[in-house]
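The sequence shown lines up with residues -7 to 71 when you count with the working numbering. A short worksheet on the structure shown next.
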Amino acid sequence: MKCKTIISELADYLDEALDPILRASIEEHLGKCKDCRIVVDTCKQTIEIFCDSEPAPLPQTTRLRLHEALAKRLRRVRA
Ligand SMILES: [Zn+2]
């Protein structure tokens, strides 16, 4: 099992939608590979944060900054 395989199966692994054999080999790899473990842990935490929190409206300043950043990026792409 290679790191690339872990990444490509990551979504299904986190959804617990993988078949048990594939799941077991991913877990075996995670036991040996620190890099993949970090990736999996980070994804898990991100998902938990998003699932736990109520959808909140963006604060006005964040919204403006986001708009600015997007507008800048769009201008650059069109230029
Ligand atoms: Zn790995």
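Yeah, the Cβ is synthetic: ideal placement off N, Cα and C, and Gly gets one too. Since we're looking at a predicted model, the values are computed, not measured.
Query	Result
LEU66 in three-state terms, based on DSSP	helix
Residue of PHE42, ILE18, LEU14, CYS43 minimising C-alpha distance to VAL32	ILE18
Rounded C-alpha distance that separates TYR5 from LYS(-4)	14 Å
For ARG65 and GLU1, the rounded distance between their alpha carbons	31 Å
DSSP-derived helix/strand/coil call for LYS(-4)	helix
Own chain, CB closer than 7 Å to ILE28, minus 5 neighbours either side, in chain order	Looking at the sequence provided, one finds Cys at residue 28 rather than Ile. Same-chain partners within the cutoff: CYS(-5), ILE(-2), HIS21, LEU22.
Any C-beta of chain C under 7 Å from that of PRO12	Absent here is chain C; the protein component of the structure consists of one chain.
PRO51 - DSSP class collapsed to helix/strand/coil	coil
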